[in-house]
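Peer 1:
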Amino acid sequence: MSKVDGRATRWAGQQERRRAEFVDAALAAIAEHGPDVSTEQIAERAGVARTRLYRHFDGAEDLRRAIAQRAAELVTADLAPLWHPEGSPNEMISTVISTHLRWLTEHAPLHRYLARAQPAAADDRPDVRGAIARHLSRLFTGYLTELGLDPAPADTIAFGLVGYVESATTRWLDHPGTLSLPQLTAQLTGTIWAMLDHTLRAGGVELDPDRPLPLPEGLWSARESGSP
Numbered sequence: 398m399s400k401v402d403g404r405a406t407r408w409a410g411q412q413e414r415r416r417a418e419f420v421d422a423a424l425a426a427i428a429e430h431g432p433d434v435s436t437e438q439i440a441e442r443a444g445v446a447r448t449r450l451y452r453h454f455d456g457a458e459d460l461r462r463a464i465a466q467r468a469a470e471l472v473t474a475d476l477a478p479l480w481h482p483e484g485s486p487n488e489m490i491s492t493v494i495s496t497h498l499r500w501l502t503e504h505a506p507l508h509r510y511l512a513r514a515q516p517a518a519a520d521d522r523p524d525v526r527g528a529i530a531r532h533l534s535r536l537f538t539g540y541l542t543e544l545g546l547d548p549a550p551a552d553t554i555a556f557g558l559v560g561y562v563e564s565a566t567t568r569w570l571d572h573p574g575t576l577s578l579p580q581l582t583a584q585l586t587g588t589i590w591a592m593l594d595h596t597l598r599a600g601g602v603e604l605d606p607d608r609p610l611p612l613p614e615g616l617w618s619a620r621e622s623g624s625p
């Protein structure tokens, strides 16, 4: 059995730390310069030359992928209410929407940066929108199954809702002043509940949007383990 090269292990660890530092610098540069930030501006924020920055990334695409990965980690941590909802349908929807909107407004340049980069993204690039939609799909599947309904529509509903919220929010961010944040939250909450209510009624189920709902049984284990 070959021995592990301690120097190689230390070098790999140092590489990862430097990559993380450069990604953090990239996030700061995006916040300062906006979604059209250049590699030179990122390198300047990191305090290194552009050529040195690329010693730790396989080109601009690898850097963008690392930024998207970091953004996915941030949104997963900040959107905890989405992963483990509680309360009535209206309370759950409103909490998730308000939390998501707050994240988007606080990270508007990063949101626009990721939205612009996404069309050219490789299949293995982290997808923040897809991560949220896939979790919602599992959540809707649990509730529809618990209510004795066909869970097949869950995936379409989840991705449709996330696309709707992102599109409406991007429009709102680009045209500030049309609605206040509470007004936008209320509008989105009402529209989303109307869409969900339509699906439930089509299956013969009527729910009071202001009465608390228990978490579907299949999701308790994930909640107890703390995983999204």
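For the sequence shown, my numbering assigns the number 398 to the initial residue and increments by one for each residue that follows. Ideal Cβ positions, reconstructed from N, Cα and C, are used throughout, including at glycine.
#1: For Thr538, which three-state DSSP category applies?
#2: Closest to Ala549 by CA distance: which of Thr582, Leu597 and Leu610 is it?
#3: Under 8 Å between the Cβ atoms of Ser485 and Asp594?
#4: Just the C-alpha distance for Glu418 and Glu458, rounded to the nearest angstrom, thanks.
#5: Quick one: give me the first and last residue of the alpha helix (DSSP H) that Val445 is part of.
#6: If you draw a straight line from the alpha carbon of Gly456 to that of Thr492, how long is it in whole angstroms?
#7: Grab the span of the alpha helix (DSSP H) containing Pro579 for me, first residue to last.
#8: Going by CA-CA distance only, name the one from Gln584, Ala528, His508 and Phe537 that's closest to Asp571.
#9: Can you tell me which of the three DSSP states His453 falls into?
#10: When you compare each of Gly527, Trp480, Arg526 and Val472 to Trp344 by their alpha carbons, which one comes out closest?
#11: Could you say if the stretch 436 to 454 and the stretch 420 to 427 meet the contact criterion of at least three C-beta pairs nearer than 8 Å?
#12: Could you tell me which of Glu470, Val445, Leu498 and Arg449 sits nearest to Leu341, measuring between CA atoms?
#13: Counting C-beta neighbours from all protein chains within 10 Å, is the total for Glu413 16 or more, i.e. buried, or is it exposed?
#14: In chain order, what residues of the same chain lie with their CB nearer than 8 Å to the CB of Arg449, ignoring the 5 residues before and after it?
#15: Between Ala465 and Leu511, is the Cβ-Cβ spacing less than 8 Å?
#16: Please report the straight-line C-alpha distance between Glu503 and Ala428, rounded to a whole angstrom.
#17: If you reduce the DSSP assignment to three classes, tell me which class Ser485 lands in.
#18: Which residue from Val434, Thr588 and Ala528 puts its Cα closest to that of Arg513?
#19: Assuming Ala549 is part of the alpha helix (DSSP H), what are its boundary residues?
#20: CB Ala551 to CB Leu541, shorter than 8 Å?
#21: For Ser539 and Asp547, I'd like the C-alpha separation in whole angstroms.
#22: Gly574 by DSSP, collapsed to three states: which one?
#23: Looking at the structure shown, is Glu655 part of a helix, part of a strand, or coil, going by DSSP?
Peer 2: Looking at the atomic coordinates:
#1: helix
#2: Leu597
#3: no
#4: 17 Å
#5: Element bounds for Val445: n/a, residue is neither H nor E.
#6: 39 Å
#7: Leu578 to Ala599
#8: His508
#9: coil
#10: Nothing in the structure corresponds to residue 344, since the chain is present only between 398 and 625.
#11: yes
#12: As shown, the chain starts at 398 and ends at 625. That puts residue 341 outside it, with no answer to give.
#13: exposed
#14: Ala440
#15: yes
#16: 9 Å
#17: coil
#18: Val434
#19: Premise fails: Ala549 is in no alpha helix (DSSP H) and is neither H nor E.
#20: yes
#21: One detail in the question is off: residue 539 reads as Gly in this sequence, not Ser. Using only the alpha carbons, I get a separation of about 10 Å.
#22: coil
#23: The first residue shown for the chain is 398 and the last is 625, placing residue 655 beyond what the model contains.
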